[in-house]
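Novice:
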Amino acid sequence: MANLGILKIFFLIVCKSNFVNGKHDCYSNPYLPLPKNTGVYPQNYNADLVARRINNWRRGDKHNVEEYTNLFDGDIMLTEEQLLLDTIPKSNLWHRGEMPFYITMEQFTERQIAHIISTMDIITNHTGFKFRRFCFETDRNYAVFKSANTGCWSYVGMLNYGQVINLQIPNCLYRGTVIHVLLHAIGFYHEHNSPVRDNWLSVKWENILSTNKNYFKTLDSITARDSGVLYDYDSILHGGPYLHSFNDKPTMETQIPNMKIGQREAFSLRDVERVRRVYEDEVKNWKSLDKLPKINHTRKTTGFISTDDIASTTASGITAKMNDTEEPTSDDKRKETTDMDKTERDEEKLTTDETEHETVMRSTTTAADKRILNVFCLIWPYTINETCLT
Numbered sequence: 085m086a087n088l089g090i091l092k093i094f095f096l097i098v099c100k101s102n103f104v105n106g107k108h109d110c111y112s113n114p115y116l117p118l119p120k121n122t123g124v125y126p127q128n129y130n131a132d133l134v135a136r137r138i139n140n141w142r143r144g145d146k147h148n149v150e151e152y153t154n155l156f157d158g159d160i161m162l163t164e165e166q167l168l169l170d171t172i173p174k175s176n177l178w179h180r181g182e183m184p185f186y187i188t189m190e191q192f193t194e195r196q197i198a199h200i201i202s203t204m205d206i207i208t209n210h211t212g213f214k215f216r217r218f219c220f221e222t223d224r225n226y227a228v229f230k231s232a233n234t235g236c237w238s239y240v241g242m243l244n245y246g247q248v249i250n251l252q253i254p255n256c257l258y259r260g261t262v263i264h265v266l267l268h269a270i271g272f273y274h275e276h277n278s279p280v281r282d283n284w285l286s287v288k289w290e291n292i293l294s295t296n297k298n299y300f301k302t303l304d305s306i307t308a309r310d311s312g313v314l315y316d317y318d319s320i321l322h323g324g325p326y327l328h329s330f331n332d333k334p335t336m337e338t339q340i341p342n343m344k345i346g347q348r349e350a351f352s353l354r355d356v357e358r359v360r361r362v363y364e365d366e367v368k369n370w371k372s373l374d375k376l377p378k379i380n381h382t383r384k385t386t387g388f389i390s391t392d393d394i395a396s397t398t399a400s401g402i403t404a405k406m407n408d409t410e411e412p413t414s415d416d417k418r419k420e421t422t423d424m425d426k427t428e429r430d431e432e433k434l435t436t437d438e439t440e441h442e443t444v445m446r447s448t449t450t451a452a453d454k455r456i457l458n459v460f461c462l463i464w465p466y467t468i469n470e471t472c473l474t
């Protein structure tokens, strides 16, 4: 009888720890997930060099940190089959507009996990795309977060039987970089590969190594997830002006003078609109777009969304160019230039500076921190831990 009582307590702990979130029924995970897609690196890939460059990167560098990952177009991982293709492969969307994920304190600290999860919350609050914890019994397709010294990278879109998202500590954990990588995982390629790119950018081919010119191919409209949203200089998925430069000269110049590209501070309005449109059918299955938090447009803006200031406005207010076609008109370009003259871009960006980055490691307990306890209980369902019983 004593053994039976111990067994009951054991199962109570297991069940309590795995149902603590209460939002998604999920039984205990008796095994760690073993994703099929863990990374296939090019033959010339130098892991030590990549790790050093990522670790030595500092804000203000001419290149965004993920560009030093040295994969396809910088930060995109491909499968073996995709590596053999001469064209960029089409990505798969996540079923029901949600990504099951698995993250462990063997890879990240509690603070870092809280930071990643709060970034997921930002994406969900703006776009409606959901992230939820991995369930061993039901999830065939899922993402596992790793922190290997191989840079900041993800596959594009959903792959069968699990995939890895890698965020090298600490420089891949800047908020904008995490959003950038997660948008790849959701299913989006870089903005500068848009099929209408040449209407908005001039590519300086003479400054690009011949082996990297393939990264500047434009995509067909299906692969690019063309949803009718205008080309976006402000996109967090846009490469910077020195992307893949071998001589420290620009590889991309905007056709509208004085426009900046390659920001990693915040969503742009069109980033949000693009995700909403592509996942519109899936999102409507569980939540109306009209009920999502919308962006406050009362202050002056050139198109950036503050992830700390989400207000309630109408859905039609999300972007002034919702119904525009991709081909820019002279009026479009004049308006873009006028908007730039009205206000400085730095005022519109989400401030993600060194102080915030350090706060990820040292801040006081937040709501996102508390959610880590749930993740801990999920990862170690057979561990007796008083925090799992509350």
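Following the working numbering from start to finish, the sequence shown increments by one per residue and tops out at 474. Where a beta carbon is used, it is the ideal one built from N, C-alpha and C, also for glycine.
#1: Under a three-way DSSP split, which group does residue 238 fall into?
#2: In angstroms with no decimal places, state the Cα-to-Cα distance between residue 196 and residue 154.
#3: To the nearest angstrom, report how far apart residue 218 and residue 192 are at their CA atoms.
#4: Got a sec? Which residues, its chain only, sit under 6 Å from residue 265 by beta carbon, not counting five neighbours each side?
#5: Could you spell out the range, first to last residue, of the beta strand (DSSP E) harbouring residue 559?
#6: Does DSSP put residue 352 in a helix, in a strand, or in coil?
#7: Does the stretch 273 to 285 come close enough to the stretch 199 to 215 to have 3 or more Cβ pairs within less than 8 Å?
#8: For residue 247, name the three-state secondary structure that DSSP assigns.
#9: Residue 376: buried (16+ other C-beta within 10 angstroms of its C-beta) or exposed?
#10: Is residue 187 helix, strand or coil by DSSP?
#11: In whole angstroms, what separates the C-alpha of residue 271 from that of residue 332?
#12: Looking at C-alpha atoms only, which residue of 297, 357, 259 and 355 is the closest neighbour of residue 199?
#13: Assuming residue 263 contacts residue 203 under a Cβ cut-off of 8 Å, what Cβ separation, rounded to an integer in Å, is found between them?
#14: Decide if residue 168 is buried, meaning its Cβ has at least 16 other Cβ atoms within 10 Å, or exposed.
#15: Would you mind stating whether residue 330 and residue 291 have Cβ atoms separated by less than 8 Å?
#16: For the alpha helix (DSSP H) that residue 202 lies in, which residues bound it at each end?
#17: Tell me, which residues are paired with residue 158 by DSSP?
#18: Do you know whose CA, among 240, 314 and 317, lies nearest residue 158's CA?
#19: Using a Cβ-Cβ cut-off of 6 Å (strictly less than) and excluding sequence neighbours within five positions of residue 190, which residues of its own chain qualify?
#20: What did DSSP end up calling residue 268 once you bin it into helix, strand or coil?
#21: What residue from 252, 207 and 176 has the CA that sits closest to residue 226's CA?
#22: What span of residues does the beta strand (DSSP E) with residue 167 cover, start to end?
#23: Alpha carbon to alpha carbon, how far is residue 247 from residue 121?
#24: Output the boundary residues of the beta strand (DSSP E) element that contains residue 338.
#25: Could you give the distance in angstroms between the alpha-carbon of residue 228 and the alpha-carbon of residue 152?
#26: Take residue 296 as the anchor and find which of 164, 285 and 128 has the nearest alpha-carbon.
Specialist: Put simply:
#1: strand
#2: 24 Å
#3: 17 Å
#4: 236 and 238
#5: For the chain, the structure presents residues 85 to 474; residue 559 sits outside this window and is missing.
#6: strand
#7: no
#8: strand
#9: Any answer about residue 376 is weak, because its pLDDT of 49 lies below 50 and its placement is not dependable; what the coordinates show is given next. Result: buried.
#10: coil
#11: 31 Å
#12: 259
#13: 6 Å
#14: exposed
#15: yes
#16: 194 to 211
#17: 155
#18: 240
#19: none
#20: helix
#21: 176
#22: Run containing residue 167: none in the beta strand (DSSP E); it sits in the alpha helix (DSSP H), 164 to 167.
#23: 5 Å
#24: 336 to 338
#25: 22 Å
#26: 128
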